[in-house]
Amino acid sequence: MQSAALQRRWRKRFQAVNGRPLATFCGGYLMGAAAGVTFSPLPVIQGCLLLTAGGWLLWRYRLLSATTALLGVLALWLGATQGIRYTQQDDLLWYTLPRDEAVVATGVVLTEPTRKADTWRFVFHTESVATAHGTVRTPVRLWVHIPETLVDTVFAGEHLRLEGRLRLPSATPTDPDASFARYLRRQGISRTLRPYHIQRLPQSHWTVLFSRLRRMLIRNLRLHLPTREGHIAAAIALNDRVNLDDAVRESFRRTGTVHILSPSGTHVSMLAVAVWAICRFINLSRRVSALAVISVIWLFAGVAAGGDPSFRAAVMGTLVAGAAALQREGDLPTSLALAGFLIVLLDTGAL
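Numbering-wise (the numbering used here), the sequence shown opens with residue 882 and increments by one.
Set out below in structure tokens:
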């Protein structure tokens, strides 16, 4: 009798898991991918085998349904495979790519370029790297420095062909402890590139539209509000912290609010609530209001260039707004797990 009571108690605890198959799959994938990126392959495989046995036992004692247990185990192995594959490929590129050698790299500007000391800096996602020994077709991430003498401006999403010399990320005079080099390594950036020739190619990515719009908004903001408040507004709304002085940064750092100076989930949620309130105030239907919220938050996420936090918040906001439009109850665990799953699926290095 005690055994039956204990089983009922545990079944009630696992009820939330059984009722969320999507969250179970996404959570299992994230767990496997995180393990694959963090640990060596053998411990990861052993851990997956152990968790597979645990899933079988939970199903055997009817604490998990067969579908939930199968989804969790399958997602765990898929995530672990992806994490191990990413780590192995990253290590292979680190040791096999040319060092201090002239190359021609073709690809897309991945991150929003920033200008510092008359130099444009950004992450470049290659499609091919032509070296003296052949062409590398495996996608590679490069940290690129382009002097303004070569190009006036660069936009995220532009398709470029760069000729320059590949170098290992290393310490610089302003970074003697090589902390930035370690940061680049963790981001999956295998080499740095300082081009001496640049060519714009016609097949630009559609995200270049967001980059151009962002640059136009920043320019108008600086024109009409060229004060410290304008620089703070540009940082909060458009992730432009170039003109922030050290005093402003230190003030936010001391008060523990430095995270406000870059777009994140807080900004997306506040914007979503504001748009929803305005739409309902003017008597728009729930579906129209939800579509307006989804459109605005994705436009903001694209223009603000907030990175993974903005993308994660936009996915969660889309699910919550969709649930509201369909008059269904929102599910925070599913929204959070799905957002993390999509981020890792698109970029395993985000872990």
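Just so it is clear, CB atoms sit at the ideal spot from N, CA and C, and this is done for glycine as well. Please read these numbers as outputs of a predicted model, since none were measured by experiment.
Identity of the residue in R1130, N1101 and S1216 nearest R901 by Cα: S1216
Three or more C-beta pairs closer than 8 Å, one from the segment 1027-1044 and one from the segment 977-995: is that the case here? yes
Integer Cβ distance of V1201 from V1177, believed to fall under 8 Å: Actually they are not in contact, since the Cβ atoms of V1201 and V1177 sit about 14 Å apart, beyond 8 Å.
Terminal residues of the continuous beta strand (DSSP E) containing I881? Because residue 881 is not part of the residues shown, which for the chain are 882 to 1232, the question remains open.
Where does F1036 sit, in a helix, a strand or coil, going by DSSP? coil
Alpha carbons only, please: which of L1074, R1193, V989 and S1009 is nearest the one belonging to H1086? V989
Can you give me the C-alpha to C-alpha distance between D1189 and V1196, rounded to a whole angstrom? 10 Å
Taking only runs that begin and end inside the segment 965-1048, name each unbroken beta strand (DSSP E) of 3 or more residues, in chain order. 982-990, 995-997, 1000-1012, 1015-1017, 1022-1028 and 1040-1048
Per-residue DSSP class, three states only, for F1222: helix
Can you list, in chain order, the residues of its chain whose CB lies under 8 Å from that of L1198, leaving out five sequence neighbours each side? For the record, residue 1198 in the displayed sequence is Gly; it is not Leu. If we look at G1198 and ignore the five residues flanking it on each side, its Cβ neighbours are V1149, S1150, A1153, V1174, I1175 and I1178.
Among G1111, A904, L931 and T977, which one has its Cα closest to the Cα of V1021? T977
So, with DSSP's three-state summary, where would you put I1159? helix
For the candidate residues A1231, A904, G1146 and G1221, whose alpha-carbon lies nearest to that of T948? A904
My output table needs one value for Y942: the three-state DSSP class, helix, strand or coil. coil
Do G1069 and D972 have their CB atoms nearer than 8 Å? no
Return the chain-ordered list of same chain residues with a C-beta closer than 8 Å to the C-beta of L1031, the five sequence neighbours on each side being excluded. P1076, Y1077, H1078 and I1079
For A1128, which option in L1104, F1003, N1120 and E1110 has the closest C-alpha, if you only look at C-alpha atoms? E1110
Tell me whether the segment 958-970 and the segment 997-1005 touch, counting them as touching only if at least three CB pairs, one residue from each stretch, are closer than 8 Å. no
If you draw a straight line from the C-alpha of H1006 to the C-alpha of V1017, how long is it? 13 Å
Distance, R1130 Cα to T987 Cα: 37 Å
Starting from the Cα of L1074, find the closest Cα among L1172, E1044 and Y1064 and give me that residue. E1044
What residue range is occupied by the uninterrupted alpha helix (DSSP H) comprising A1186? Taken as a continuous stretch (DSSP letters only), A1186 belongs to no alpha helix (DSSP H), as it is neither H nor E.
What residue from L1047, R943 and L932 has the CA that sits closest to A983's CA? L1047
G1137 - DSSP class collapsed to helix/strand/coil: coil
Give the straight-line distance between the Cα atoms of L952 and A1114, rounded to the nearest whole angstrom. 45 Å
Under the three-state reduction of DSSP, which class applies to F920: helix, strand or coil? coil
Straight-line Cα distance separating L1065 from P1050: 7 Å
Relative to the alpha-carbon of T1147, which residue among A1186, P1107, C1160 and S1191 has its alpha-carbon at the smallest distance? S1191
Mapping DSSP to helix, strand and coil, what is H1086? coil
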